[in-house]
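First up is the structure itself, then whatever we jot down about it.
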Amino acid sequence: MSQPKYKRILLKLSGEALSGSDKKQVIDFDILEQFAKEVKSVVDAGVQVAIVIGGGNIFRGASVEKSGIDRVQGDYMGMLATVINSMAIQSSLEKQGMYTRLLSAIKMEQVAEPMIRRRAVRHLEKGRVVIFGAGTGNPYFTTDSAGALRAIEINADAVLKGTRVDGVYTADPEKDPTATRYEKLSFDEALAKNLKIMDLTAFALCKENSLPIVVFDMNKEGNLLKLIMGESVGTLVTNL
103 MSQPKYKRIL LKLSGEALSG SDKKQVIDFD ILEQFAKEVK SVVDAGVQVA IVIGGGNIFR
163 GASVEKSGID RVQGDYMGML ATVINSMAIQ SSLEKQGMYT RLLSAIKMEQ VAEPMIRRRA
223 VRHLEKGRVV IFGAGTGNPY FTTDSAGALR AIEINADAVL KGTRVDGVYT ADPEKDPTAT
283 RYEKLSFDEA LAKNLKIMDL TAFALCKENS LPIVVFDMNK EGNLLKLIMG ESVGTLVTNL
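Heads up: the sequence shown begins at 103 in the numbering used here, then just goes up one per residue.
See the structure below:
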């Protein structure tokens, strides 16, 4: 069997992905189980995995200002939503037989360890899946930014952004049937074409630290393992 292309990854998932395609549930446990099986396949291949998941299926801090809730307060509420999702995915991973650790940027000793970089790296080296909750612990930063930051902190080989589409397109493929998929892009190209891959803070962090981003379809069975093993899956964004 060939060796994995990436030895250590940061898997970035959206909170909305957990609610399934029909959005009828806050957390679709069938989707959760599917994601856990995908992660197990790469852990079994010897890859070290860290995960950052959003909280948009429960609460989105950036969208509450119109309701009268202070933006900072809203962002902290959103961070707590990511911890709920992190706990859900932790439970699902453990059900598949994996060892996990949940590290939170906001102290909550009863449910998570504090975010300490050296501790996170040590957990990864021991083969545990590390889940980073509560974003960066600061308002005005998205979980995209948290994913990029944590990936750099743990010296990940790449950020893998799992989405509902199989890569980055010239336009929204759900609205424009003529949209075509990019196999590779440079950071500069993506910025020049105003392609919405991650928020600008996250994108800048990855660009400055030469950290590749791969955007791929997480819902397709086997995609994550194929990507890890070096097959052409999704869109690769690098400093070409």
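Using N, Cα and C, we set each Cβ at its ideal position, and we do this for glycine too. Given the structure is predicted, the values throughout are model-derived calculations rather than measurements.
Short Cβ contact (8 Å threshold) for residue i with residue j
i      : j      : result
Tyr201 : Arg230 : yes
Gly117 : Gly158 : yes
Ala364 : Thr238 : Missing from the structure shown is residue 364; the chain here goes from 103 to 342 and no further.
Ile315 : Val261 : yes
Gly163 : Met189 : no
Pro216 : Leu205 : yes
Leu120 : Ile129 : yes
Lys209 : Ala138 : no
Ala236 : Met181 : yes
Residue i, DSSP secondary structure in three states
i      : result
Asp274 : coil
Ala260 : strand
Gln150 : strand
Tyr284 : strand
Thr245 : helix
Asp132 : helix
Thr238 : coil
Lys228 : coil
Val174 : helix
Ile208 : coil
Leu327 : helix
Ile160 : coil
Lys114 : strand
Val267 : coil
Glu255 : helix
Inter-residue CB distance, residue i and residue j (contact presumed, cutoff 8 Å)
i      : j      : result
Pro241 : Asp177 : 4 Å
Ile153 : Thr184 : Between Thr184 and Ile153 the Cβ distance is about 11 Å, and since that is not below 8 Å, they are no contact.
Asp319 : Thr265 : 7 Å
Glu135 : Ser193 : At roughly 10 Å, the Cβ-Cβ gap does not stay under 8 Å, so Glu135 and Ser193 are not in contact.
Lys114 : Asp274 : The pair is not a contact, with the Cβ atoms about 20 Å apart (cut-off 8 Å).
Glu140 : Leu326 : 4 Å
Closest residue to residue i among the options (Cα-Cα distance)
i      : options                           : result
Arg219 : Ile254, Asp132 and Ile191         : Ile254
Val145 : Ile133, Thr337, Lys328 and Asn341 : Lys328
Ile256 : Thr245, Glu227, Ile191 and Asp246 : Glu227
Leu338 : Lys126, Asp268, Gln198 and Lys125 : Asp268
Ser143 : Leu112, Asp130 and Glu323         : Glu323
Lys298 : Ser193, Val317 and Ser312         : Val317
His225 : Val151, Phe243 and Leu115         : Val151
Ile186 : Gln127, Gly336, Val223 and Ile160 : Ile160
Ala292 : Thr244, Leu342, Glu276 and Thr280 : Leu342
Phe243 : Pro279, Asn296 and Arg173         : Arg173
Lys286 : Ala304, Asp278, Thr340 and Lys263 : Thr340
Gly336 : Ala294, Tyr284, Asp290 and Gly170 : Tyr284
Asp132 : Phe289, Asn296, Lys277 and Ile191 : Ile191
Lys263 : Ser312, Ala294, Asp124 and Asn321 : Asn321
- request: Kindly confirm or deny that the region 306 to 315 and the region 240 to 258 touch, where touching means at least three C-beta pairs closer than 8 Å.
  value: yes
task: Answer yes if the region 318 to 338 comes into contact with the region 103 to 117, meaning at least three C-beta pairs across the two stretches below 8 Å, and no otherwise.
output: yes
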